[in-house]
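For the record, in the sequence shown the residue sitting at position 36 is 582 according to the working numbering, with numbers rising by one throughout.
Reading through the structure tokens given below for one structure.
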Amino acid sequence: QLGGLKETGVNLTREDFELVEQSMDKALTDQRALLEKRVVFLATTASSAPFMGLLGTVVGIMDSFWSIGEQGSASLAIVAPGIAEALLATIVGLGAAIPAVMAYNWANHRVQQFTNEAYGFMLAFINQAKKEQL
547 QLGGLKETGV
557 NLTREDFELV
567 EQSMDKALTD
577 QRALLEKRVV
587 FLATTASSAP
597 FMGLLGTVVG
607 IMDSFWSIGE
617 QGSASLAIVA
627 PGIAEALLAT
637 IVGLGAAIPA
647 VMAYNWANHR
657 VQQFTNEAYG
667 FMLAFINQAK
677 KEQL
């Protein structure tokens, strides 16, 4: 209960209820947009990190081929540093992407959950106020 809206002597019209509902809806929409804006960073990190790792992988492999070309030989001592660089870049890219995907999914779920709960509260509040008024 809202504490006896009718007993206060305030009489709200249908237009008043619509205005309250529109105001609450706008506030909720603004809050959701603010939360989603912060989640975008996680999505960007999750989608771009593997490409950064891939770029590092390509550079490491190219370094190995340059070393082979300069030395005229493909011994392990010549190839290994570039391969190690490539693998490290892959690990770094995946190491950033995997947690970012997990965090994005969690945060996105929480934003959706907040929105659903807030809309539920808004509707319950408006309906209760209408019931007490009428």
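Ideal Cβ placement from N, Cα and C applies to all residues, glycine included.
In the DSSP assignment, find the alpha helix (DSSP H) that holds residue i and state where it starts and stops.
i    : result
G666 : L622 to Q679
G618 : No alpha helix (DSSP H) contains G618, which DSSP labels as neither H nor E.
Tell me, to the nearest whole angstrom, how far the beta carbon of residue i is from that of residue j; I am working on the premise that it is less than 8 Å.
i    : j    : result
V638 : G599 : 6 Å
R578 : T661 : 5 Å
E582 : V657 : 6 Å
M668 : M570 : 5 Å
Using 10 angstroms around the beta-carbon of residue i, count the other beta-carbons present and answer buried if the total reaches 16, otherwise exposed.
i    : result
T603 : buried
G666 : exposed
L683 : Nothing in the structure corresponds to residue 683, since the chain is present only between 547 and 680.
A630 : exposed
In whole angstroms, what separates the C-alpha of residue i from that of residue j?
i    : j    : result
L565 : A675 : 13 Å
Using 8 Å as the limit for Cβ to Cβ distance, is residue i near chain C?
i    : result
M668 : In the displayed structure, chain C is absent; only one protein chain is listed.
Open item on the list: Would you call the region 635-654 in contact with the region 589-598, where contact means no fewer than 3 C-beta pairs closer than 8 Å?
Closed with: yes
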